[in-house]
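One structure is given here, and the rest of the page talks about it.
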Amino acid sequence: MSDAFFSGYCVRSYSRSVSSMSPAFTIDNYDLSQTTYPVWTESRWSTISLRLFIIPTRKHEIVTLVIGILLLSTSFVVCLILRY
0 MSDAFFSGYC VRSYSRSVSS MSPAFTIDNY DLSQTTYPVW TESRWSTISL RLFIIPTRKH
60 EIVTLVIGIL LLSTSFVVCL ILRY
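Residue numbering for the sequence shown follows numbering that gives the first Met the number 0, starting at 0 and increasing by one per position.
This is how it looks when you write it as structure tokens:
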């Protein structure tokens with residue numbers, strides 16, 4: 000993609016990794032017939048995917064809040080006008 004068509008920016012954010020293995024498999028000599036820890040497995044996926052949750056800028060959050068307040072206020076006014 001050419002720089003003339005794409006202007007992006009980097010945002011530092013947090014990432015997290017979660018193990019999908021039951022503690023029953025990590026405990027030495029654990030009796031799998033016990034019900035203390037449930038035993039589950041994770042499916043093997045054929046494709047690797049990524050979900051990206053972008054953290055909005057402060058300006059974007061404020062604009063979203065103001066638009067929401069204006070929409071809420073307008074809705075109340077319209078409801079009051081239609082009711083009386």
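Beta carbons: idealized from backbone N, C-alpha and C, even for Gly.
This structure is a prediction, so every number in the text was calculated from the model and none was measured.
In the structure shown, the three-state DSSP call for I53 is coil. Taking each of M20, I54, L79 in turn and checking the Cα distance to S14, the smallest one comes out for I54. Excluding sequence positions up to five before and after T63, its CB lies within less than 8 Å of the CB of P55, all in the same chain and listed in chain order. Where T25 is concerned, the enclosing alpha helix (DSSP H) starts and stops at 22–25. For S21, same chain residues with a beta-carbon under 7 Å away, outside a window of 5 residues either side, are Y36, P37, V38, W39 in chain order. Close CB contacts of S42 within its chain, under the 7 Å cut and outside five residues either way in sequence, are absent.
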